[in-house]
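Quick notes on the structure that follows.
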Amino acid sequence: MIVVMAVSASEAEIQQVVAAIEAQSLHALIMPGGERVAIGVPSAIPPEIREDLAQTLGLLSGVDHVAHVSRPYKLASREFHRADTVVEVKGVHFGGPQIQVMTGPCSIESYQQMATAAKAAKDAGATVLRGGAFKPRTSPYSFQGLQEEGLKILRQVGEENGLITISEVMQPDLVELVASYVDILQIGARNMQNFPLLIEAGRSRHPVMLKRGPSATFDEFLLAAEYLLHNDNQQVLLCERGVHPVDRSYTRNTLDLNAVPVLKEVSHLPVIVDPSHGTGVSRYVPAMALAAIAAGADGLMIEMHPNPRVALSDGAQSLTPAQLQLLMARLAQLAPAVGRFVIPLTGGDLKPQMNANERG
-13 MIVVMAVSAS EAEIQQVVAA IEAQSLHALI MPGGERVAIG VPSAIPPEIR EDLAQTLGLL
47 SGVDHVAHVS RPYKLASREF HRADTVVEVK GVHFGGPQIQ VMTGPCSIES YQQMATAAKA
107 AKDAGATVLR GGAFKPRTSP YSFQGLQEEG LKILRQVGEE NGLITISEVM QPDLVELVAS
167 YVDILQIGAR NMQNFPLLIE AGRSRHPVML KRGPSATFDE FLLAAEYLLH NDNQQVLLCE
227 RGVHPVDRSY TRNTLDLNAV PVLKEVSHLP VIVDPSHGTG VSRYVPAMAL AAIAAGADGL
287 MIEMHPNPRV ALSDGAQSLT PAQLQLLMAR LAQLAPAVGR FVIPLTGGDL KPQMNANERG
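Numbering (my numbering), first residue to last: -13 to 346.
Okay, structure coming up:
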């Protein structure tokens, strides 16, 4: 249920509505808007009092109207929060006019590797440095990450280059540790429905980027985000990273760009797209990155490694620093066509044209 206040509603009238909701042992969430305030009731309202409560609230002074939220997810729904949410992390805004690009290697391998990647990211115009310290791998024999030592490296090189940082957290008891080193927690596709992890990440109130599971419906994805929001974390980013493909002969996954307009329509949360995991093939990443922005994505997560051929994980889908710069230049050309912008390159004057390097 949402109570929309009149433009002229006073603070006393707003608090009167809050008191009426809380008198029924329900939680009231005040949501300031551009011109008027809305007050949400995100929890389930007992059927026997729903209509009476709506009628009572509708008659209170300063109330414009009362509406019901039809979606199974409430806090994540655009019915509940009509304006786009902008998540701000240390001066970087997700969901505003600027397209934010997260980039870096799949795995943190060494200080030198990360220092090189961070400089390349900064020079290309990216704002967020990614790197995996705890790696959930399909095989127990694959590289599992540098763990806390990797987080220390990520934080150091991020600070040295003026980049905010993101890294994956895999289990509830690691949330506090990972959050102490990075600016954004990533919950990966495998853990999209790890409910204890979602609850703990929500309680941390640390910015979280939630990746969609490869078989998840949109409702399942947004209900997972609801766990974060329900536990008092309003700093949530959604990330589309591909679904299981019909044919694995050509790509690792199928990047579901339908997700961008659908999620933007039914939810107010910022939407990030990961074309690296979405394709699994570096030469397809630029085209799908551009398509994601054309579809309305608020940002991108792109894997980049100083030398993908020797990467300990996901080298096949990682761009080189030069390829990243070319892509950023092309994004800067495209962005104004959809009312957005990308910050300019700082590391060179590369022309946005495809060359043999980019074709892989």
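Positions of the beta carbon are idealized from the N, C-alpha and C atoms, including for glycine.
query	result
Using C-beta distances below 6 Å, list every residue in its chain close to Arg238, excluding the 5 sequence neighbours before and after it, in chain order.	Gly266
Would you identify the three-state DSSP class for Phe181, choosing helix, strand or coil?	helix
In chain order, what residues of the same chain have a beta carbon less than 7 Å from the beta carbon of Pro247, not counting five sequence neighbours either side?	Ala281, Gly282
How big is the Cα-Cα spacing for Val3 and Gly19?	16 Å
My understanding is that Ile152 touches Met100, with C-beta atoms under 8 Å, so please give their C-beta distance in whole angstroms.	Their Cβ separation, rounded to whole angstroms, is 13 Å, which puts Ile152 and Met100 out of contact at 8 Å.
Going by the DSSP bridge assignment, what does Gln172 pair with across the sheet?	Glu154, Met195
How would you label Pro91, buried or exposed, when you count the other beta carbons within 10 angstroms and need 16 or more for buried?	buried
Answer with buried or exposed for Lys76, where buried requires no fewer than 16 other C-beta atoms within 10 angstroms of its C-beta.	exposed
Is Ile94 near Ile25, with beta carbons less than 7 Å apart?	no
At which residue ranges does the region 40 to 113 contain complete beta strand (DSSP E) runs of 3 or more residues, listed in the order of the chain?	49 to 53, 73 to 75, 78 to 80, 86 to 90
DSSP state of Ser262, grouped into three classes?	helix
Roughly how many whole angstroms lie between the Cα atoms of Val23 and Ile16?	7 Å
For Val52 versus Ala40, is the C-beta spacing smaller than 7 Å?	yes
Run through DSSP, which three-state label would Glu21 get?	coil
Where DSSP assigns a beta bridge to Ser253, which residues make up the other side?	Ser63
Could you check where the alpha helix (DSSP H) with Gly144 kicks off and where it finishes?	134 to 147
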